[in-house]
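Presented below is the structure to which this report refers.
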Amino acid sequence: MTVAVPKQSISSRLLRALTLWALVWCVALALAVWLAVHEETEELLDDTLQATAEVLIGPLLADGAPAAAVSGPEGLKAAGSRRFVWQQVSHAGPAVVVRHSVGAPVLPLLATPSPGFSSLPEWRVYGVALGRDSQLLYVAQTTGERSEAMAELGFAVLLAGLPMGLLGLLWLRMRVRQELAPLLALSQRMADHDPLQPGATLGPAQHAELHPVHQAIDALAARLVQRVAQERAFTAHAAHALRTPLAGIDAQLAVALREAPPALQPRLLRVREAATRLQRVVVGLLTLFRSGLELQREPLNLHRLVERLAPEGLAVRVQATQPVSGDVDLLTAALLNLLDNAQRHGAQEVRISTPAPEVLRLHDDGEGADAARRQGWQAALDSQDYQGRTGLGLMLADLVARAHGGRLRLIETASGFAVELHLAPLLDLNQPET
Amino acid sequence: MRLLLIEDDELLGEGLRDFLRADGHVVDWARRLGDIDAYRGEAFDAWLVDWQLPDGSGLDWLRAQRRRGATTPALMLTARDLLADRLQGLDGGADDYLVKPFAPEELSARLRAVCRRSAGAAAARVHFGDVAVDLAARGVWLGAERVELTAREWAVLEALTLRAGRIVAKTELEGLVLGFDAVLASNALEVHVSSLRRKLGREVVETVRGLGYRMAGAGPGPAEAGVS
Chain A
1 MTVAVPKQSI SSRLLRALTL WALVWCVALA LAVWLAVHEE TEELLDDTLQ ATAEVLIGPL
61 LADGAPAAAV SGPEGLKAAG SRRFVWQQVS HAGPAVVVRH SVGAPVLPLL ATPSPGFSSL
121 PEWRVYGVAL GRDSQLLYVA QTTGERSEAM AELGFAVLLA GLPMGLLGLL WLRMRVRQEL
181 APLLALSQRM ADHDPLQPGA TLGPAQHAEL HPVHQAIDAL AARLVQRVAQ ERAFTAHAAH
241 ALRTPLAGID AQLAVALREA PPALQPRLLR VREAATRLQR VVVGLLTLFR SGLELQREPL
301 NLHRLVERLA PEGLAVRVQA TQPVSGDVDL LTAALLNLLD NAQRHGAQEV RISTPAPEVL
361 RLHDDGEGAD AARRQGWQAA LDSQDYQGRT GLGLMLADLV ARAHGGRLRL IETASGFAVE
421 LHLAPLLDLN QPET
Chain B
435 MRLLLIEDDE LLGEGLRDFL RADGHVVDWA RRLGDIDAYR GEAFDAWLVD WQLPDGSGLD
495 WLRAQRRRGA TTPALMLTAR DLLADRLQGL DGGADDYLVK PFAPEELSAR LRAVCRRSAG
555 AAAARVHFGD VAVDLAARGV WLGAERVELT AREWAVLEAL TLRAGRIVAK TELEGLVLGF
615 DAVLASNALE VHVSSLRRKL GREVVETVRG LGYRMAGAGP GPAEAGVS
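Protein chains in written order, with the numbering used here: chain A, 1 to 434; chain B, 435 to 662.
Take a look at the structure:
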């Protein structure tokens, strides 16, 4: 049975979660840093405006003559590319710019006297009273300049944070792989672990979390070993209890055949044939019972293997062109039963061939079976639902093929009956019988 | 051949004993290891040993015999079919290993093969001048003519052929051919030897005065006696 590899992987799930968490964390951290830096930068820029105003007050108080007096809405635009300006504005009547720096708007930045900080769409303004004629000094900076400074700071924060984040992510991925490596090592150790070897254990766990897994596997292996020991003991007893009387029956019949009058001999011969068939079934079952434990796979000489298996009255022809390997005892049991089947269903001859490596095909000239019956048997073999649906011979042969990693296939033929023992995973199920 | 069958199962033991006797062998049947003491000092052509016996292991008994230097060919008859068991049996001193159930005909054939090999004659047919003895086919030819022998005559010829090249003491030959019956019929052996000489020629079985019998025309071993 093939078990599908699960699509979900602990490693990829963990990495996905960590990446997501790292991204959220990076964004949150960047936002927090941005807010703090933004606040501090605003404060710093305001302090600069304030300091500039205090520096300018002295010279302006010393020089009292108005330098310019311009009014009109078009004068509010910042002239040229000046990003930092000042205005001396009189609020005695309507607000009038008394003096201003080069590039400053010619109209007052603020229409009403506003000492302290004010924000306009294009300017950040700091006003300070000059102490005569209701005049104020306005020092201003363009909001564009302030935004640019903020953007540069934000970019710098991002530039510093991103490599850190990427490095952190790479480090986390590495750590995840390192932490999951013991699981892979455990899988490998389990694959190499043979609990039936005396004193075999999985060994100490690499991590505390894997200790219970090791304990559970060792406990499972101990139960398996105990079960196998019981089954072996039972098989040995059953083998002795069944094989010896069968040998005795055959020996007695052989003697009886020699001693009996000619009239009785055909009857005794039939009894001996039946006893031989019974032997094959019993030996097959006993062999199969211990098959999962000790598969002795070796290259097969089919001619030699089949030589002694052919029942009386059945011609067996072997045409081996491809290599076949398998457990001799198991295959003997399977072939004996298949040959016996063929003979009981009217076959005079069975051809054994090897259509592909690790495939044995038996084709007899017996009565065969119609497509519906053959498909019914095949379905029973495929689902391993043997009871009441297939004979013992087919079941035994299928179990033997499965013990080798393959399956039994019933092949469509023009005449007779054909089966294929695949002794390796199936390659082509639809190859027609030729 | 004189065979010692060690088998506890009545059905099988009786069947094998009768089958082998019908084949012309002398069969002594021990049902337990303890019964073997009765045959101490007796010569056998082969031992047929069951592994699991009521009072011990047949393989352990065989190992003990081998340690004492016994070279009698031995066949293990057992229900144990695992490769490890077969290896253990063969390494333990068995010359062949037969897993139950088996056809008695196969046992008989293997027995002949084992005894031939043990005697140093791998081939089935051995020649003594004009006489050819086929141990596998259980037949004898004088020139091109097949000669019919009784079971006892064949037993004498077979015992001497398997020991070709050496003198076989009369008592040993009696034991091999007649078994325990030898005591009851002390001149029976001479009768069979005489009959054999009449059918195959006087010179075939040579009497070594005071010592026993030997196949004539044979050298130190069957190979020199003309193994084909």
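Yeah, the Cβ is synthetic: ideal placement off N, Cα and C, and Gly gets one too.
{"Asked": "Take residue 56 of chain A and list the residues in its own chain whose beta-carbon comes closer than 8 Å to its own, dropping the five residues that flank it on each side.", "Found": "86, 137, 139"}
{"Asked": "Below 8 Å, how does it come out for the region 489-501 of chain B and the region 260-273 of chain A: are there three or more Cβ pairs, yes or no?", "Found": "no"}
{"Asked": "Does the beta carbon of residue 415 of chain A sit closer than 8 Å to a beta carbon anywhere in chain B?", "Found": "no"}
{"Asked": "Is residue 331 of chain A helix, strand or coil when you go by DSSP?", "Found": "helix"}
{"Asked": "Does the structure place the region 355-367 of chain A close enough to the region 380-395 of chain A that three or more beta carbon pairs sit under 8 Å?", "Found": "no"}
{"Asked": "8 Å is my cut-off, CB to CB: does residue 534 of chain B come that close to chain A?", "Found": "yes"}
{"Asked": "Can you list the residues of chain A that residue 456 of chain B reaches, using a CB-CB cut of under 7 Å?", "Found": "255, 258"}
{"Asked": "Please check the pair residue 213 of chain A and residue 15 of chain A, which I expect to be a contact at CB under 8 Å, by giving their CB distance rounded to whole angstroms.", "Found": "22 Å between Cβ atoms; not a contact."}
{"Asked": "Using beta-carbon positions only, say whether residue 337 of chain A and residue 393 of chain A come within less than 8 Å of one another.", "Found": "yes"}
{"Asked": "Using DSSP with H/G/I as helix, E/B as strand and the rest coil, what is residue 142 of chain A?", "Found": "strand"}
{"Asked": "Going by DSSP, what residue range makes up the beta strand (DSSP E) through residue 510 of chain B?", "Found": "508-512"}
{"Asked": "Just tell me which of A:169, A:415, A:41, A:152 has its CA closest to the CA of residue 24 of chain A.", "Found": "A:169"}
{"Asked": "Just to confirm my understanding: we take residue 506 of chain B, look at its own chain, exclude 5 residues before and 5 after, and list those with CB closer than 6 Å. What are they?", "Found": "478, 481"}
{"Asked": "So, helix, strand or coil for residue 397 of chain B, using DSSP?", "Found": "Outside the displayed range of chain B (435 to 662) lies residue 397 of chain B, so it cannot be described from this structure."}
{"Asked": "At what residues does the beta strand (DSSP E) containing residue 96 of chain A begin and finish?", "Found": "96-100"}
{"Asked": "Which value, in whole angstroms, describes the spacing of the CA atoms of residue 630 of chain B and residue 534 of chain B?", "Found": "37 Å"}
{"Asked": "Hey, does residue 527 of chain B have any beta-carbon neighbour from chain A nearer than 8 Å?", "Found": "no"}
{"Asked": "8 Å is my cut-off, CB to CB: does residue 201 of chain A come that close to chain B?", "Found": "no"}
{"Asked": "Residue range of the beta strand (DSSP E) that residue 117 of chain A falls in?", "Found": "116-119"}
{"Asked": "Taking only the alpha-carbon atoms, compute the straight-line gap between residue 488 of chain B and residue 396 of chain A and give it to the nearest angstrom.", "Found": "34 Å"}
{"Asked": "Are the beta-carbon atoms of residue 627 of chain B and residue 590 of chain B separated by less than 8 Å?", "Found": "yes"}
{"Asked": "Step through the CB atoms of chain A and report whether any lies within less than 8 Å of the CB of residue 437 of chain B.", "Found": "no"}
{"Asked": "Could you check which residue in B:584, B:586, B:576 has the C-alpha nearest to that of residue 636 of chain B?", "Found": "B:576"}
{"Asked": "Give me, in chain order, the residues of the same chain whose beta-carbon lies closer than 8 Å to that of residue 540 of chain B; leave out the 5 immediate sequence neighbours on both sides.", "Found": "532"}
{"Asked": "Along chain B, which residues have their Cβ under 8 Å away from the Cβ of residue 300 of chain A?", "Found": "The premise fails here: residue 300 of chain A is roughly 15 Å from chain B at the closest Cβ pair, so nothing lies under 8 Å."}
{"Asked": "Between residue 600 of chain B and chain A, is the shortest Cβ-Cβ distance under 8 Å, so that the two count as touching?", "Found": "no"}
{"Asked": "Determine whether the Cβ of residue 240 of chain A lies closer than 8 Å to any Cβ atom of chain B.", "Found": "yes"}
{"Asked": "How about residue 189 of chain A and residue 203 of chain A: do their beta carbons lie closer than 8 Å?", "Found": "yes"}
{"Asked": "Measuring straight from C-alpha to C-alpha, what distance separates residue 569 of chain B and residue 415 of chain A?", "Found": "46 Å"}
{"Asked": "Taking all protein chains shown into account, decide if residue 129 of chain A is buried (16 or more other Cβ within 10 angstroms of its Cβ) or exposed.", "Found": "exposed"}
{"Asked": "Do we get a CB-CB distance below 8 Å when we pair residue 449 of chain B with the residues of chain A?", "Found": "yes"}
{"Asked": "Evaluate the contact criterion for the region 312-320 of chain A versus the region 280-290 of chain A: three or more CB pairs, one atom per stretch, below 8 Å.", "Found": "no"}
{"Asked": "Taking 8 Å as the threshold (C-beta atoms), are residue 340 of chain A and residue 277 of chain A in contact?", "Found": "yes"}
{"Asked": "When the cut-off is 8 Å and only beta carbons count, does residue 514 of chain B lie next to chain A?", "Found": "yes"}
{"Asked": "Whose C-alpha, out of B:594, B:585, B:523, is nearest the C-alpha of residue 549 of chain B?", "Found": "B:594"}
{"Asked": "Which of the three DSSP states is assigned to residue 195 of chain A in this structure?", "Found": "coil"}
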